[in-house]
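Asker:
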Amino acid sequence: MIGLQRGATTLGMTRRHFEDFAVGDVLPLPERRVERADIIAFAAEFDPQPYHLDERAPATDLTAGLSASGWHICAVFMRMLCDGFLLESTCMGSPGIETLKWRRPVRPGDRLKGTSTVVETRPSKSRPEIGIIRFRHEVTNQTGEMVMWMENPVMFERRAR
Amino acid sequence: MIYEEIVVGSTHELGAHTFTREEIKRFATLYDPQRFHVDEEAAEASLLGGLCASGWHTASVMMSLFSRYFARQIERAAASGRQAPPLGPSPGFDNLRWLKPVYPDDTIAFTGRIAAKRESGSRPGWGIVSIETLGTNQAGEPVFTHTGHVFVAMAKTG
């Protein structure tokens with residue numbers, strides 16, 4: 041009951057609920073700089089391709105120099121989403137990602153920014169306390185080039201009626 | 038790993054990983070500090086029923102096993118004297134589903150099925166291979182799936 045009270049009253053009034061999203065809303069995500077050491081540490085654990093670990097990896101016509109793992113870009117994006125609005129919301133998780141495209145490499149020192157645009161709002165049929173917001177998330181670099189985009193439904197609590 | 042050797046329909050056992058409480062919290066603290074990934078008490082009161090891994094953590098562990106599996110294949114091919122360039126980059130993926138939470142001490146085994154392959158229209162010398170992955174927990178329940186696409190070098194001709 042303590043957990044429920046904390047969720048429902050103390051934070052409940054100010055957190056962003058399902059009803060607080062409208063189609064067409066564009067939510068800005070805060071800038072985040074991607075450091076060389078983080079690129080290498082993430083790749084060593086999760087994606088040890090030569091071009092994610094070492095500037096001197098042999099170039100191919102699709103890769104040259106050191107670039108971040110695509111999954112590292114996803115993880116950095118997730119932190120931007122958390123800091124942008126998710127931690128101050130009633131987010132209850134996500135069932136998945138419909139489509140994701142990695143459009144450009146991320147290099148050491150790149151500064152990423154992003155937006156989350158609401159494309160659909162839909163109350164859950166099976167669970168009346170939940171609503172689903174579908175987003176198109178876009179991540180760009182410091183020169184405004186598209187780095188990654190995805191389409192993704194996220195579940196939020198609805199306000200008590 | 039060359040494009041011509043990849044067989045559509047073949048299934049590959051990528052390996053398994055046991056998620057510890059510590060690594061779940063470490064990943065989430067860096068990248069996904071929602072309460073159900075970092076705070077055990079809050080997680081128990083949530084829809085997810087207890088502390089569980091960030092979905093991006095599960096996906097990253099899949100990538101780790103995928104990457105190491107194909108690195109072993111490439112080493113084996115090179116040892117037998119066959120051409121074996123590393124995998125190319127990925128243009129993206131479709132239909133990623135987090136089907137069930139991954140909890141501390143869960144062991145997730147991943148497989149990859151070659152769903153399709155085609156020659157790249159825009160990148161001569163490269164094919165695009167689509168791989169449907171599936172992660173299953175120790176109770177046999179599917180927890181993760183996605184269809185990833187990856188550039189794979191074609192055999193050099195001439």
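For the protein sequence lines, the chains are G and U, in the order given.
With the first sequence counted from 1, adding 40 to any position gets you our numbering.
With the second sequence counted from 1, adding 37 to any position gets you our numbering.
By construction, the Cβ of each residue, glycine as well, lies at the ideal position given by its N, Cα and C atoms.
With the cut-off set at 8 Å, would you say U/L171 and U/F147 are in Cβ contact?
Answerer: The sequence position of residue 171 of chain U within the second sequence is 134, counting from 1. The sequence position of residue 147 of chain U within the second sequence is 110, counting from 1. Going by C-beta atoms, U/L171 is nearer than 8 Å to U/F147.
Asker: At what residues does the beta strand (DSSP E) containing U/I168 begin and finish?
Answerer: Stepping through the second sequence from its first residue, residue 168 of chain U is reached at position 131. Run containing U/I168: 163 to 173, per the beta strand (DSSP E) assignment.
Asker: With contact counted as at least three CB pairs below 8 Å, one residue from each stretch, are the stretch 133 to 141 of chain G and the stretch 128 to 138 of chain U in contact?
Answerer: As far as the Cβ criterion goes, the stretch 133 to 141 of chain G touches the stretch 128 to 138 of chain U, which means the pair count is three or higher.
Asker: Have a look at U/K193, U/F130, U/S91 and flag the residue whose alpha-carbon is nearest the alpha-carbon of U/R72.
Answerer: Locating residue 72 of chain U in the second sequence gives position 35, where the first residue counts as 1. With distances taken between Cα atoms, U/R72 lies closest to U/S91.
Asker: Considering just the uninterrupted stretch of the alpha helix (DSSP H) at U/F73, what are its terminal residues?
Answerer: Stepping through the second sequence from its first residue, residue 73 of chain U is reached at position 36. Per DSSP, U/F73 belongs to the alpha helix (DSSP H) from 72 to 75.
Asker: I think G/V158 touches G/I173, with their Cβ atoms under 8 Å apart; what is that distance to the nearest whole Å?
Answerer: For the purposes of this step, residue 158 of chain G is taken as residue 118 along the first sequence, with counting starting at 1. For the purposes of this step, residue 173 of chain G is taken as residue 133 along the first sequence, with counting starting at 1. With 8 Å as the limit, G/V158 and G/I173 qualify as a contact, their Cβ atoms being about 6 Å apart.
Asker: Should U/S47 be labelled buried (16 or more other beta-carbon atoms within 10 Å of its own) or exposed?
Answerer: Along the second sequence, read from residue 1 onward, the residue named residue 47 of chain U stands at position 10. Exposed: under 16 other Cβ atoms inside 10 Å.
Asker: Which of the residues in the stretch 126 to 158 of chain G, read from start to end, lie with their CB under 9 Å from any CB of chain U?
Answerer: Residues L126, L127, C131, M132, G133, S134, P135, G136, I137, E138, T139, L140, K141, W142, R143, P145.
Asker: Please name the residues in the stretch 121 to 133 of chain U whose beta-carbon is closer than 9 Å to at least one beta-carbon of chain G, in chain order.
Answerer: Cβ contacts with chain G come from P122, P123, L124, G125, P126, S127, P128, G129, F130, D131, N132, L133.
Asker: With a threshold of 8 Å between beta-carbons, can G/R96 be considered close to chain U, or not?
Answerer: Along the first sequence, one-based indexing puts residue 96 of chain G at 56. Not closer than 8 Å to any Cβ of chain U, the Cβ of G/R96 fails to qualify, so no.
Asker: Starting from G/P68, follow its DSSP beta bridges and name the residues at the other end.
Answerer: Taking the first sequence and counting its residues from 1, the one referred to as residue 68 of chain G is at position 28. In the DSSP output, where bridge partners are listed per residue, G/P68 has G/T155.
Asker: Pairs of beta-carbons, one from the stretch 59 to 71 of chain U and one from the stretch 113 to 129 of chain G, closer than 8 Å: are there three or more?
Answerer: A contact exists between the stretch 59 to 71 of chain U and the stretch 113 to 129 of chain G.
Asker: Assign G/I172 to one of three DSSP states: helix, strand, or coil.
Answerer: For this step, residue 172 of chain G is matched to residue 132 along the first sequence. In the structure shown, G/I172 sits in a strand (DSSP, three-state: E or B).
Asker: Let me check understanding here. Comparing Cα to Cα, which of U/S127, U/F130, U/R150, U/E59 lies closest to U/I43?
Answerer: Translated into positions along the second sequence, residue 43 of chain U becomes position 6. For U/I43, the nearest C-alpha among the options comes from U/R150.
Asker: For the ligand FMN, any of its heavy atoms closer than 7 Å to the Cβ of G/W142?
Answerer: Inclusion of the ligand FMN in the displayed structure is not the case, the ligand content being empty and no account of it being possible.
Asker: Determine the direct distance from the alpha carbon of G/L106 to that of G/R147, and round the result to whole angstroms.
Answerer: Counting from 1 along the first sequence, the entry for residue 147 of chain G is found at position 107. Counting from 1 along the first sequence, the entry for residue 106 of chain G is found at position 66. Cα to Cα, the separation comes out at about 7 Å.
Asker: Taking 8 Å as the threshold (C-beta atoms), are U/G129 and G/W111 in contact?
Answerer: If you number the first sequence from 1, residue 111 of chain G lands on position 71. If you number the second sequence from 1, residue 129 of chain U lands on position 92. It is not a contact, given that the beta carbons lie outside the stated cut-off.
Asker: Tell whether a beta-carbon distance below 8 Å holds between U/G164 and U/V139.
Answerer: Position 127 of the second sequence holds residue 164 of chain U. Position 102 of the second sequence holds residue 139 of chain U. No.
Asker: For G/D150, which residues from the same chain have a beta carbon less than 6 Å from its beta carbon, with the 5 sequence-adjacent residues on both sides left out?
Answerer: In the first sequence, the residue the question calls residue 150 of chain G occupies position 110. So the list reads V74, N181, once near-sequence residues are dropped.
Asker: Go ahead and label U/S159 buried or exposed: buried means 16 or more other beta carbons lie within 10 angstroms of its beta carbon, across all protein chains shown.
Answerer: On the second sequence, residue 159 of chain U is found 122 positions in, with the first residue counted as 1. When all chains shown are included, U/S159 counts as exposed.
Asker: Do G/A83 and G/Q89 come within 8 Å of each other at the CB atom, strictly closer than that value?
Answerer: On the first sequence, residue 89 of chain G is found 49 positions in, with the first residue counted as 1. On the first sequence, residue 83 of chain G is found 43 positions in, with the first residue counted as 1. It is a contact, given that the beta carbons lie within the stated cut-off.
Asker: Between G/S129 and G/R144, what straight-line distance do the alpha-carbon atoms span, to the nearest angstrom?
Answerer: In the first sequence, the residue the question calls residue 129 of chain G occupies position 89. In the first sequence, the residue the question calls residue 144 of chain G occupies position 104. Cα to Cα, G/S129 sits roughly 30 Å from G/R144.
Asker: Would U/D143 count as contacting chain G if we go by Cβ distances under 8 Å?
Answerer: On the second sequence, position 106 is the one that residue 143 of chain U refers to. Chain G contact via Cβ: absent.
Asker: Anything in the stretch 103 to 116 of chain G with a Cβ closer than 9 Å to a Cβ of chain U? List those residues in chain order, please.
Answerer: Correct list: T103, S107, S109, G110, W111, H112, C114, A115, V116.
Asker: With H, G and I counted as helix, E and B as strand and the rest as coil, what does DSSP make of U/F35?
Answerer: Past the boundaries of the shown model lies residue 35 of chain U; chain U is included only from 38 to 195, so the question cannot be answered.
Asker: Taking only three categories from DSSP, how would you classify U/K62?
Answerer: Taking the second sequence and counting its residues from 1, the one referred to as residue 62 of chain U is at position 25. Helix, per DSSP.
Asker: Examine the Cβ distances between the stretch 172 to 187 of chain U and the stretch 93 to 103 of chain U and report whether three or more of them are shorter than 8 Å.
Answerer: Verdict: yes, contact present.
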